[in-house]
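S.K.: My questions all concern the structure below.
There are 2 protein chains.
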Amino acid sequence: MTETIETFPGRRKKVTINDVARLAGVSKKTVSRVINKSASVHPRTRDEITEIITRIGFHPDPQARGLAFRRAFLIGLIYDNPNAQYIVNMQMGALDRLRGSGIELVVHPCDWHSEAFISSLREFLENQRPSGVIILPPVAEDRRLLDLLDELNVPRIRVTARATGDTGSAIGREIVSRDDIGCAEAGAHVAALGHRRIGYIGGKRDYPSAHVRRQGFEAGLATHGAVIAPDLDERGDYSFDSGYAAARRLFARPNRPTAIICANDEMAAGAYKAAFEAGLRIPGDLTLIGFDDAPIADRLSPPLTTVRLPTREMARMAADRLISTDLLDDAPLVVDSVLVVRGSSSAPKSGF
Amino acid sequence: MTETIETFPGRRKKVTINDVARLAGVSKKTVSRVINKSASVHPRTRDEITEIITRIGFHPDPQARGLAFRRAFLIGLIYDNPNAQYIVNMQMGALDRLRGSGIELVVHPCDWHSEAFISSLREFLENQRPSGVIILPPVAEDRRLLDLLDELNVPRIRVTARATGDTGSAIGREIVSRDDIGCAEAGAHVAALGHRRIGYIGGKRDYPSAHVRRQGFEAGLATHGAVIAPDLDERGDYSFDSGYAAARRLFARPNRPTAIICANDEMAAGAYKAAFEAGLRIPGDLTLIGFDDAPIADRLSPPLTTVRLPTREMARMAADRLISTDLLDDAPLVVDSVLVVRGSSSAPKSGF
DNA sequence: CTGAAAGCGCTTACAG
DNA sequence: CTGAAAGCGCTTACAG
Chain R
1 MTETIETFPG
11 RRKKVTINDV
21 ARLAGVSKKT
31 VSRVINKSAS
41 VHPRTRDEIT
51 EIITRIGFHP
61 DPQARGLAFR
71 RAFLIGLIYD
81 NPNAQYIVNM
91 QMGALDRLRG
101 SGIELVVHPC
111 DWHSEAFISS
121 LREFLENQRP
131 SGVIILPPVA
141 EDRRLLDLLD
151 ELNVPRIRVT
161 ARATGDTGSA
171 IGREIVSRDD
181 IGCAEAGAHV
191 AALGHRRIGY
201 IGGKRDYPSA
211 HVRRQGFEAG
221 LATHGAVIAP
231 DLDERGDYSF
241 DSGYAAARRL
251 FARPNRPTAI
261 ICANDEMAAG
271 AYKAAFEAGL
281 RIPGDLTLIG
291 FDDAPIADRL
301 SPPLTTVRLP
311 TREMARMAAD
321 RLISTDLLDD
331 APLVVDSVLV
341 VRGSSSAPKS
351 GF
Chain B
353 MTETIETFPG
363 RRKKVTINDV
373 ARLAGVSKKT
383 VSRVINKSAS
393 VHPRTRDEIT
403 EIITRIGFHP
413 DPQARGLAFR
423 RAFLIGLIYD
433 NPNAQYIVNM
443 QMGALDRLRG
453 SGIELVVHPC
463 DWHSEAFISS
473 LREFLENQRP
483 SGVIILPPVA
493 EDRRLLDLLD
503 ELNVPRIRVT
513 ARATGDTGSA
523 IGREIVSRDD
533 IGCAEAGAHV
543 AALGHRRIGY
553 IGGKRDYPSA
563 HVRRQGFEAG
573 LATHGAVIAP
583 DLDERGDYSF
593 DSGYAAARRL
603 FARPNRPTAI
613 ICANDEMAAG
623 AYKAAFEAGL
633 RIPGDLTLIG
643 FDDAPIADRL
653 SPPLTTVRLP
663 TREMARMAAD
673 RLISTDLLDD
683 APLVVDSVLV
693 VRGSSSAPKS
703 GF
């Protein structure tokens, strides 16, 4: 790679397609064909050009290509999500696929509830013209954003949670996570341990994932004839504090739960704190279940039984869909979640 | 903004500088001057052009500008760091400053210990030609990377931890965090509580931050005549597991510590787990101190006393240095850390 | 304070 | 399978 310098000593000027063309004795159009992997180039010509390209260290200028192609060599990641680990996992997944492709990842967090939500995204998209975007929940559900992307003709992949495999008209443009599958396993696990006083701390009504997870948990409980106790049915907003508050409310009930299922790990961590303060031992006095398998899950004492979603894998698939040339494969991409049993779940103390 | 469409109904073609020039009755060079905020444009001309630009919704094409400028409207964030919250905070900080500037953030995690470390960064820099990069510790210490950036003439800001305010020759190109200041406060806090059997779980020898933090803690202890007990001096690698293992070793010593200072929160969280398993109560039996004020710090029970670094603020300053045009201000940028007292620290039980 | 010409480095039709 | 011409949308010297 340092050959660039040796080949052109003391020269700051950039190696261009013209240099390659001259050295190869062909037109720059032919070099362009090689760069873009066009089929219609004589193998011998192609090999010669390829050799020259690597020898003199030629890198096609992405600005110039972008100008000609009317598209930047960038993929945008659009989200409004406070969970740092989730975001980093998604970034890593996308980057796993992008590495070596010459395409870079532009991160674009936004404020879903801001006045300027759409206008600032429009700004971003018109300014940079990314060759595609990945949108994460919950903004992936925003109709205005989808319309904007259609209008500006920007290819997109949505990441979304659904109860069923039905991807409707958006086939091939969605990565669908089956949150419900691991939740059903978790519900069955809790019920099989013998719990019958089962509390629930769910998520906000307007998060699709909240519905899907609940549905999964209930289905799992039902396989052993258990249900969420109607008097132990609470709701939070996926935050630590809301989980803490909800757990405190549950502990104050006349007939306390022996198990609490939480719609995510953050809220479960809040419930740990409430249990700690109430002098309840986990899992002896209280079984706790979460969702996400966040880093905190196995840092809690005892470690949390939870449901894992292959986040990074989902982003990798999304990036792949966006940049892979063969669009033949339009099958919906569905990813399952899975139960991870750790120390926070056990049979209820007898006689309780 | 939707005026674009109304003004050019049914027209997919992009609004260009030529349209603006024609409508304003000037050359495109003059429009270019307005775009680039050149001083030498008649105020009246400028206002007219500005009005037209917003009216017809003109966005200068970043590809075209990039091609002409030989530089992309992108800032790169280069790092090799496993701490998700730290990374996200840095991203948010940089984006705080970039918002509205038309410049986007490209995230470029890398593998410091890989063979291809430098060559793949070269690839990235030559391919995208970002207008600047921010490099985070520990790769911010890598000489080869700094040399590469010099060679490719890419402006950079390093984020680094130093014991002193000395920024040497790199003035104005570094954001220096004074990790030692908050650590000194923490050391003084522990000593003032009356602890004298004080254990330490430090970081790797090759992390500058490990030295700086230790130095700070020791200085703080010294203000009350306390020291880290030589027989309670352990080392980890900033990971949860290494903190857990080090704490277990400390608990196995004949004369257990009444307080353990950890060089970061992750290791402190590991020490919580070890304490939990050993039946030690925090803070009654054991005072624990961390560093970072990571999200886990106040999710632990009891919440962790730790040292906070204004991470997001540092990234904001770094981005500002990179994109602000006036380079007159070349003062070194130094940021202090501060002690955050929570529930994990108290006086040792008397008679212990 | 303003402009005509040339150029940034690549690709798209269009030919052959 | 290959090429000459024109163009992508902006900016840099160079003039005036």
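So the sequence lines, in the order shown, correspond to chains R and B. Our numbering applies: residue 1 is where the first sequence begins, and numbers increase by one. Our numbering applies: residue 353 is where the second sequence begins, and numbers increase by one. Just so you know, even glycine gets a beta-carbon here, dropped at the ideal spot from N, CA and C.
(1) Using a cut-off of 9 Å between C-beta atoms, extract the partners of LEU105/R located in chain B.
(2) Less than 8 Å between CB atoms is the rule here; does LYS389/B satisfy it with respect to chain R?
(3) Between the Cα of LEU300/R and those of ARG122/R, ILE157/R, MET92/R, ALA269/R, spot the shortest distance and give me the residue it belongs to.
(4) Enumerate in chain order the residues of its own chain whose CB-to-CB distance from GLU478/B is below 8 Å, with the five nearest sequence positions on each side excluded.
(5) If I measure Cβ to Cβ from ILE17/R and keep anything under 6 Å in the same chain, skipping five residues before and after, which residues do I get?
(6) Along the beta strand (DSSP E) that carries SER242/R, what are the first and last residues, could you check?
(7) Which whole-angstrom value is the C-beta distance of GLY695/B and PRO647/B, which I expect to be below 8 Å?
(8) Is LEU105/R near LEU121/R, with beta carbons less than 8 Å apart?
(9) In angstroms, rounded to a whole number, what distance separates the CA positions of SER594/B and GLY555/B?
(10) Measure from the alpha carbon of TYR559/B to the alpha carbon of each residue in SER390/B, ILE580/B, ARG514/B, then state which is nearest.
(11) Between which residues of its own chain and GLU185/R is the CB-CB distance below 8 Å, once the five residues before and five after are set aside?
(12) Check whether the stretch 75-86 of chain R and the stretch 51-60 of chain R are in contact - that is, three or more C-beta pairs closer than 8 Å.
(13) Helix, strand or coil for HIS460/B per DSSP?
(14) Any idea what DSSP makes of THR397/B, helix, strand or coil?
(15) Could you give the DSSP three-state label for PRO482/B: helix, strand or coil?
(16) Please classify HIS394/B: is it buried, with 16 or more other beta-carbons within 10 angstroms of its beta-carbon, or exposed?
(17) Taking the beta strand (DSSP E) that VAL686/B belongs to, which residues open and close that run?
(18) Once DSSP output is grouped into helix, strand and coil, what is the label at THR516/B?
(19) Would you please verify whether the beta carbon of ASN127/R is less than 8 Å from any beta carbon of chain B?
(20) Just reading off the beta strand (DSSP E) that THR311/R is part of, what are its end residues?
(21) Use the C-beta contact count for HIS113/R: other C-beta atoms within 10 angstroms, 16 or more gives buried, fewer gives exposed.
(22) What residue range does the alpha helix (DSSP H) around VAL307/R cover?
(23) Roughly how many angstroms separate the alpha carbons of ARG633/B and SER698/B, rounded to a whole number?
(24) Excluding five sequence neighbours on each side, which residues of the same chain lie with their C-beta closer than 6 Å to the C-beta of ALA540/B?
(25) Measure the Cβ-Cβ separation of ILE533/B and LEU497/B and say whether it is below 8 Å.
(26) At a Cβ threshold of 8 Å, is SER698/B touching chain R?
(27) Output, in sequence order along the chain, the residues in the stretch 592-621 of chain B whose CB is closer than 9 Å to any CB in chain R.
(28) My output table needs one value for ALA226/R: the three-state DSSP class, helix, strand or coil.
(29) Counting Cβ pairs closer than 8 Å, one from the stretch 60-71 of chain R and one from the stretch 412-425 of chain B, do we hit at least three?
(30) Hey, how far is the Cα of LEU584/B from the Cα of LEU656/B?
(31) For a contact defined as C-beta to C-beta under 7 Å, what are the partners of ILE439/B on chain R?
(32) Which of the three DSSP states is assigned to SER169/R in this structure?
(33) May I ask you to verify whether the stretch 188-199 of chain R touches the stretch 310-324 of chain R, counting CB pairs closer than 8 Å and requiring at least 3?
(34) May I have a chain-ordered list of the alpha helix (DSSP H) segments no shorter than 4 residues that lie completely inside the stretch 15-70 of chain R?
(35) Among residues of its own chain, excluding the 5 on either side of ALA670/B, which ones have a beta-carbon nearer than 7 Å to its beta-carbon?
(36) Taking its Cβ as the centre, do 16 or more other Cβ atoms sit within 10 Å of ASP371/B, making it buried, or is it exposed?
M.R.: On the basis of the supplied data:
(1) Neighbours of LEU105/R in chain B, taken as residues whose beta carbon is under 9 Å from its own, are VAL458, VAL459, HIS460 in chain order.
(2) False, the Cβ-Cβ gap to chain R never drops below 8 Å.
(3) Checked all of ARG122/R, ILE157/R, MET92/R, ALA269/R; the closest Cα to LEU300/R is ALA269/R.
(4) LEU504.
(5) Closer than 6 Å at the Cβ level, and outside the excluded window around ILE17/R, lie LYS28, VAL31.
(6) Counting along the chain, no beta strand (DSSP E) covers SER242/R; the unbroken alpha helix (DSSP H) around it starts and ends at 240-251.
(7) At roughly 16 Å, the Cβ-Cβ gap does not stay under 8 Å, so GLY695/B and PRO647/B are not in contact.
(8) Against a cut-off of 8 Å, the Cβ pair of LEU121/R and LEU105/R comes out as no contact.
(9) For the pair SER594/B and GLY555/B, the Cα-to-Cα distance works out to about 10 Å.
(10) It is ARG514/B.
(11) For GLU185/R, same chain residues with a beta-carbon under 8 Å away, outside a window of 5 residues either side, are GLY220, VAL307, VAL338, LEU339 in chain order.
(12) Segments in contact, no.
(13) When DSSP states are grouped into helix, strand and coil, HIS460/B belongs to the strand group.
(14) Three-state DSSP puts THR397/B in a helix.
(15) Correct three-state label for PRO482/B: strand.
(16) With fewer than 16 Cβ atoms within 10 Å of its Cβ, HIS394/B is classed as exposed.
(17) For VAL686/B, the enclosing beta strand (DSSP E) begins and ends at 685-688.
(18) For THR516/B, the predicted model reports a pLDDT of 47, less than 50, meaning its position is unreliable; a value from the coordinates is still stated below. Three-state DSSP puts THR516/B in coil, outside helix and strand.
(19) Output row for ASN127/R: interface = yes.
(20) Premise fails: THR311/R lies in the alpha helix (DSSP H), 311-323, not in any beta strand (DSSP E).
(21) Exposed.
(22) Careful: VAL307/R lies outside any alpha helix (DSSP H), inside the beta strand (DSSP E) at 306-308.
(23) Computed Cα separation, rounded: 11 Å.
(24) Take ALA540/B, set aside five residues on each side of it, and the residues of its chain with a beta-carbon closer than 6 Å to its own are GLY572, THR575, in chain order.
(25) If you check the CB distance, ILE533/B and LEU497/B do not come in under 8 Å.
(26) Chain R, which has no Cβ nearer than 8 Å to the Cβ of SER698/B, makes this no.
(27) Listed in chain order, the positions of the stretch 592-621 of chain B with a beta carbon within less than 9 Å of a beta carbon of chain R are PHE592, GLU618, ALA621.
(28) Correct three-state label for ALA226/R: coil.
(29) Touching, yes, given that three or more Cβ pairs across the two stretches are closer than 8 Å.
(30) Going from the Cα of LEU584/B to the Cα of LEU656/B covers about 20 Å.
(31) For ILE439/B, the chain R residues whose Cβ falls inside 7 Å of its Cβ are VAL88, in order along the chain.
(32) With a pLDDT of 45 at SER169/R, under the threshold of 50, the predicted position of this residue should be treated as unreliable, though the coordinate-derived value follows. In the structure shown, SER169/R sits in a helix (DSSP, three-state: H, G or I).
(33) No, they do not touch.
(34) Runs of alpha helix (DSSP H) with 4 or more residues, each lying fully within the stretch 15-70 of chain R, are found at 17-24, 28-35, 43-56, 62-69, listed in chain order.
(35) Hits under 7 Å: ALA446, ILE486, ILE509, VAL511, ILE527.
(36) That one is buried.
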